[in-house]
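Student: Before I ask anything, here is the structure I am working with.
2 protein chains.
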Amino acid sequence: MDAKKIGQVVLFHRKTAGLSREACAELAGVGKTVVYDLEQGKPTIQLDTLQKILAVLNIKIVLESPMMQKFEQEISKKMEDEKG
Amino acid sequence: MDAKKIGQVVLFHRKTAGLSREACAELAGVGKTVVYDLEQGKPTIQLDTLQKILAVLNIKIVLESPMMQKFEQEISKKMEDEKG
DNA sequence: TTGATTTTACTGCCAAAGCGGTAATTTATT
DNA sequence: AATAAATTACCGCTTTGGCAGTAAAATCAA
């Protein structure tokens with residue numbers, strides 16, 4: 003999932019939502035320029051800015067790796083330790 | 003998946019890979035400071051910087067939404083149109 | 001213990017991300 | 001065809017992310 007693909011995803015979802023870039027930007031609380039840049043595939047967009055726009059479009063970021071289950075196990079173990 | 007969780011994921015994977023922050027940063031071609039900041043949950047890290055670090059740790063970013071299949075259909079349709 | 005490695009945490013500097021404004025072009029709508 | 005809306009693309013400005021360097025604290029290995 004490179005920046006260009008992410009831009010395409012955002013464009014598609016925004017169009018489907020019937021939002022203009024400016025409306026989308028306003029809902030996300032960011033400038034119109036970043037929405038434009040993002041859809042153009044700009045790779046240097048900041049994570050929080052991306053997240054704000056994705057939130058408006060009901061898209062979520064998921065990390066995938068061969069070790070994610072192990073990570074989830076460790077996390078829930080840690081939670082238990084902290085609780086009890 | 004917020005920035006804090008991403009930081010935890012990165013930390014876990016880096017540790018499992020047996021890499022120091024500096025070694026990880028060098029492999030990713032980024033500064034040690036961003037690896038530190040990222041693992042601390044800094045939300046303003048840039049997408050390309052994040053991707054470089056994730057690539058080293060064999061983690062990939064996936065976008066999820068109720069409309070992703072529809073998007074994939076549109077994309078492949080567009081590919082066909084552009085080809086033939 | 002001791003020495004080495006790693007991590008935490010700060011610094012100043014530079015490049016650039018994000019911002020609103022503007023205007024030309026393109027696309028819808030009536 | 002005419003009007004409105006949306007998109008593209010530029011411009012300066014301000015803020016800040018990423019960088020290397022440093023040093024103290026914590027962790028690990030001999």
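Quick note, the sequences are listed as chains A and B, same order.
To convert a position in the first sequence, counted from 1, into the working numbering, add 2.
To convert a position in the second sequence, counted from 1, into the working numbering, add 2.
Ideal placement from N, C-alpha and C gives every residue a C-beta, glycine not left out.
Since we're looking at a predicted model, the values are computed, not measured.
Taking the DSSP output, what are the residues bridged to L40/A?
Tutor: Here the question's residue 40/A lines up with position 38 in the first sequence. Answer by DSSP bridge pairing: none, since L40/A is not bridged.
Student: Just checking, does the stretch 67-83 of chain A make contact with the stretch 53-62 of chain B on the three C-beta pairs under 8 Å criterion?
Tutor: Yes, they touch.
Student: Take the Cβ of V11/B as the centre, count every other Cβ of all protein chains shown within 10 Å, and call the residue buried at 16 or more, exposed below.
Tutor: Within the second sequence, residue 11/B is the residue found at index 9, counting from 1. Per the 10 Å Cβ criterion, buried.
Student: Answer yes or no: do V64/A and T51/A have a C-beta to C-beta separation smaller than 8 Å?
Tutor: As a working mapping, residue 64/A is identified with position 62 in the first sequence. As a working mapping, residue 51/A is identified with position 49 in the first sequence. Between V64/A and T51/A, the gap from beta carbon to beta carbon reaches 8 Å or more.
Student: Among F73/A, S22/A, S78/A and K80/A, whose alpha-carbon lies nearest the alpha-carbon of T18/B?
Tutor: The residue you call residue 18/B lines up with position 16 of the second sequence. When only C-alpha atoms are compared, the closest one is F73/A.
Student: How big is the Cα-Cα spacing for A25/A and R23/B?
Tutor: For the purposes of this step, residue 25/A is taken as residue 23 along the first sequence, with counting starting at 1. For the purposes of this step, residue 23/B is taken as residue 21 along the second sequence, with counting starting at 1. Cα-Cα distance, rounded: 41 Å.
Student: Using the DSSP secondary-structure output, state which residues sit across from I63/B in a beta bridge.
Tutor: By 1-based counting over the second sequence, the position of residue 63/B is 61. For I63/B, which the question treats as bridged, DSSP gives the partners L65/A.
Student: Using the rule of at least 16 other Cβ atoms within 10 Å of the residue's Cβ for burial, across every protein chain shown, is E41/B buried or exposed?
Tutor: For the purposes of this step, residue 41/B is identified with residue 39 of the second sequence, where counting begins at 1. Classification of E41/B: buried, given that the 10 Å Cβ count is 16 or more.
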